[in-house]
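A.B. asks: Take a look at this one; I'll ask things after.
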Amino acid sequence: MQTALILIALAALILGAMAWRIHKQAKLYEVGFGRQLVNTLSSRSFQLTLAGFVIFVGLWYVTVSLLKLPWFNRLPGPVEVVSEWLSPAPVFGISIYTKDYYTHIFYSTYRATAAFLLATLLGIPFGLLMGWNKKFYDYSLPLVELIRPIPPLAWVPLAILVLPGSEPAVIFVTFLVAFFVTTLNTLLGVESIDENYFRAAKCLGASNKDILFDVVVPGALPYIFTGLQISMGASWFSLVAGEMIAAQYGLGFLIWDSYSVIAYPVIFIGMATLGIIGWASSALVRVVGRRLMAWREAELSGSARVEV
Amino acid sequence: MNGNGNACKVGSAQVEVRNVTRVFRIPGQPPVFALKDCTLTVEQGKLTVLVGPSGCGKTTLASILAGYDTPDAGQATINGQAIKGPGPDRMMVFQETALWPWMTVMKNTTFGPTMSRRLARGEAEGRAMGLLNKVGLQDFKDKYPAQLSGGMQRRAELCRALVNDPAVMILDEPFRGLDVMTRELMQEYLVKLYEDTGMTMLFITAEIEEALFLADRILVMTNLPGTVKKCVEVDLPRPRDFKVLASQRYLEIRSEVMEALYEEGAKSFGKLDVFDFPGACAPAATQD
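The listed protein sequences correspond, in order, to chains A and B. Sequence positions in the first sequence follow numbering that gives the first Met the number 0 and run 0 to 307. Sequence positions in the second sequence follow numbering that gives the first Met the number 0 and run 0 to 287.
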């Protein structure tokens, strides 16, 4: 009973998202919902997407479950993983019905979000300042360039020594990577702004503050959001690395722990979960970016252009 | 030089450039005089066109007048005051479109008046709407620049400058890069705007036909080192339309300007081997 409910909820979520997308497209092309549904399902890109998934899972099934290739003989096949994932009574203790599964997701999401928000809050102003103030740029760029290439894992011992407990240490390591990505992309964004935009603003009598908020910030926004998307992804991968070394919960910990206790299907469950959450968080950043940059949509879609 | 350069009678001067020199020094190269001892006057309420061979001097002069650049010698004044930095009394329209792509046409247009807090938003929008109406952009006020054609962007840019009611408009080859038909349309719009407002304008171009159609007065600029060589009064009737292109007087003035220009054109070719790298003269000119 519970199984059915959760499965139905999941299916409803996925179908709802698809229906929303088709509804949007139907409005864009000014056709009915049904027509657009047929168009989408019969479109080349949808078929290729579907084919991509089928080929991927098919290869997994054939190499692991069917042929049982020697390299892969310790790995679970797709059927094993999915049935474990969806099982109300999982053999290894982790499935969509267990509380532990959500505890791990919660800890990872909380850490990644905290690190990402902190990096955004500090990285954007830092990058703007670097692009805006030549002196600050000269002070900070060489430092940033020297510190940035140090891999996140190299920071773990230092973070544990300095910070109280492993929790802030993991967040700090995650934050660091996201911070550099955000800062440098913001800097690039400011540098990419056409000199004429500044000239025009000065000519029209704008103060430095006006120029900052009306020219620098909106002008750098496309790069800032590209940076935020990369930073979101970077947060997840450095987070997992951090969790594998210094944490008691979280998907990274789950994957590493499952490896240690030979609970191999759980590794796959953890990885797939990371994929889904990582994709969803990047998509969220993208949606927010689109909302903030309606003008950019106009720029990118050439069809909206009108003639004299 | 002065007598030669300003052969036209000067009434009340709005913008004056006196013996301005601007040198660009690049290590390992001979210094380049973009402007040398350049003197000119832009008269109040007149549309003055500066014509010169393509390349150097004109844009440098525009940058100095706008306040982005300072002369090495000489002085540029507006209403008797020395020009120090950019300001809303002089409006620039650039070669490349400089509308901010993240603001709608209306936001772009009202930026100046609302920035300097001279007008309330509502009032600024009212004035902007009047101007947008004049250039046929009333239905596009809520569009972003990327949704407009090149010609429409230029018209929006004219509005953005005009709405500030500047003492003088400086237009630096504003119609470059537009196709011929759009360009002619833009010239008609500009003439109409000028004749309606009587605003002082300095229009910079490399094309004689454009200069003749627009101008009250044409200043012919010599090539490097840049200075004004000849002043030609254009006494074609106003309001002006394309019929003047067929008049006898038009052809006379045209050949007068052509003569002065061709001399310069030949000189410029002779100098190519000395300044054989593009944009040698003016970093300001090569930025765009």
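Even for Gly, the Cβ is constructed at its ideal location relative to N, Cα and C. Quick caveat, the model's predicted, so the values are computed rather than measured.
Would you say A/R304 lies against chain B (beta-carbon separation less than 8 Å)?
C.D. replies: For A/R304, the pLDDT reaches just 48, beneath the cut-off of 50, and the residue's location in the model is therefore unreliable, leaving the point undetermined.
A.B. asks: Please list the partners that A/R198 has in chain B, where partner means a Cβ-to-Cβ separation under 8 Å.
C.D. replies: A65, Y67, P85, M91, F93, A97
A.B. asks: Residues in the same chain with beta-carbon distance under 6 Å from B/G4, minus the five sequence neighbours each way, listed in chain order, please.
C.D. replies: Unreliable positioning characterises B/G4 in this predicted model, as indicated by a pLDDT of 45, which lies under 50. The coordinate reading is nonetheless provided below. Once the five neighbours on either side are set aside, the close Cβ partners of B/G4 are T38, V227.
A.B. asks: Say whether chain B places a C-beta atom closer than 8 Å to the C-beta of A/N38.
C.D. replies: no
A.B. asks: Applying a beta-carbon distance threshold of less than 9 Å, which residues of chain B neighbour A/A205?
C.D. replies: Neighbours of A/A205 in chain B, taken as residues whose beta carbon is under 9 Å from its own, are F110, G111, M114, S115 in chain order.
A.B. asks: Suppose you measure from the CA of A/D213 to the CA of A/S191; what does that come to, to the nearest Å?
C.D. replies: 15 Å
A.B. asks: With 16 other CB atoms within 10 Å as the buried threshold, where does B/N132 fall?
C.D. replies: The residue is exposed, with fewer than 16 neighbouring Cβ atoms inside 10 Å.
A.B. asks: Could you check whether A/G76 and A/S94 sit closer than 8 Å to each other, using their CB atoms as the reference points?
C.D. replies: no
A.B. asks: Please name the residues in the segment 213–229 of chain A whose beta-carbon is closer than 8 Å to at least one beta-carbon of chain B, in chain order.
C.D. replies: D213, V214, P217, G218, L220
A.B. asks: Rounded C-beta distance between B/V231 and B/I203? I'm assuming under 8 Å.
C.D. replies: Not really, about 15 Å apart at Cβ, beyond 8 Å.
A.B. asks: State the CB to CB distance for the pair A/G226 and B/S115, rounded to an integer number of angstroms; the pair is presumed to be in contact (CB under 8 Å).
C.D. replies: With 8 Å as the limit, A/G226 and B/S115 do not qualify as a contact, their Cβ atoms being about 33 Å apart.
A.B. asks: Can you have a look at B/D171 and say buried or exposed, based on whether 16 or more other CB atoms are within 10 angstroms of its CB?
C.D. replies: Buried, by the Cβ-count rule.
A.B. asks: Provide the residue span of the beta strand (DSSP E) that contains B/C230, from first to last.
C.D. replies: 227–232
A.B. asks: Give the secondary structure of B/R216 by DSSP, where H, G and I count as helix, E and B as strand, and everything else as coil.
C.D. replies: strand
A.B. asks: Does the distance from the CB of B/L34 to the CB of B/G225 come in under 8 Å?
C.D. replies: A contact, by the Cβ cut-off of 8 Å.
A.B. asks: Could you tell me the alpha carbon to alpha carbon distance between A/A10 and A/K67, rounded to whole angstroms?
C.D. replies: 31 Å
A.B. asks: Quick check: is the beta carbon of A/E242 nearer than 8 Å to any beta carbon in chain D?
C.D. replies: The question asks about chain D, but that chain is absent: this structure's protein chains are A and B.
A.B. asks: Identify, in the order they occur along the chain, each residue of the same chain with its Cβ nearer than 6 Å to the Cβ of A/A262, setting aside the five sequence neighbours on each side.
C.D. replies: F91
A.B. asks: Would you say A/N184 faces chain B, with C-beta separation under 8 Å as the test?
C.D. replies: No - not a single Cβ of chain B is within 8 Å of the one on A/N184.
A.B. asks: Could you tell me the distance, in whole angstroms, from the CA atom of A/W120 to the CA atom of B/K229?
C.D. replies: The sequence shown places Leu at residue 120 of chain A, rather than the Trp named in the question. Their Cα atoms are separated by approximately 59 Å.
A.B. asks: Taking C-alpha atoms, which residue in B/F212, B/R17, B/K142, B/A160 lies nearest to A/C202?
C.D. replies: B/A160
A.B. asks: Counting only C-beta atoms, is A/V195 closer than 8 Å to chain B at any point?
C.D. replies: Looking at the sequence shown, residue 195 of chain A is not Val but Asn. Taking Cβ atoms only, chain B reaches closer than 8 Å to A/N195, which makes this a yes.
A.B. asks: Starting from the beta carbon of A/A297, find every residue of chain B whose beta carbon is closer than 7 Å, and list them in chain order.
C.D. replies: Y143, A145, Q146
A.B. asks: Can you say whether A/I7 is buried or exposed, counting buried as having 16 or more other CB atoms within 10 angstroms of its CB?
C.D. replies: exposed
A.B. asks: Taking only beta-carbon atoms, is B/P236 less than 8 Å away from chain A?
C.D. replies: no
A.B. asks: Are there 16 or more other CB atoms within 10 angstroms of the CB of B/V273, so buried, or fewer, so exposed?
C.D. replies: Unreliable positioning characterises B/V273 in this predicted model, as indicated by a pLDDT of 42, which lies under 50. The coordinate reading is nonetheless provided below. Counting Cβ neighbours within 10 Å, B/V273 comes out exposed, since fewer than 16 surround it.
A.B. asks: So, using beta-carbon positions, are A/L238 and A/R110 closer together than 8 Å?
C.D. replies: yes
A.B. asks: Is the Cβ of A/K201 closer than 8 Å to any Cβ of chain B?
C.D. replies: yes
A.B. asks: Pairs of beta-carbons, one from the segment 262–271 of chain A and one from the segment 241–254 of chain A, closer than 8 Å: are there three or more?
C.D. replies: yes
A.B. asks: If we count the other Cβ atoms within 10 Å of its Cβ and call it buried at 16 or more, is A/Y28 buried or exposed?
C.D. replies: exposed
A.B. asks: Against B/P26, what residues of chain A qualify as contacts under a CB-to-CB distance less than 8 Å, listed in chain order?
C.D. replies: What B/P26 touches in chain A: nothing, since even the nearest Cβ is about 21 Å away.
A.B. asks: Does the separation of the CB atoms of A/A245 and A/V169 fall below 8 Å?
C.D. replies: yes
A.B. asks: Does A/D209 come within less than 8 Å of chain B when only Cβ atoms are used?
C.D. replies: yes
A.B. asks: Looking at the structure shown, is B/A61 part of a helix, part of a strand, or coil, going by DSSP?
C.D. replies: B/A61 carries a helical assignment under DSSP once its states are collapsed to helix, strand and coil.
A.B. asks: What residue does the beta strand (DSSP E) around B/D36 start on, and which one ends it?
C.D. replies: 31–42
A.B. asks: Using CA atoms only, rank isn't needed, just tell me which of B/S53, B/T113, B/P70, B/A127 is closest to B/Q94.
C.D. replies: B/S53
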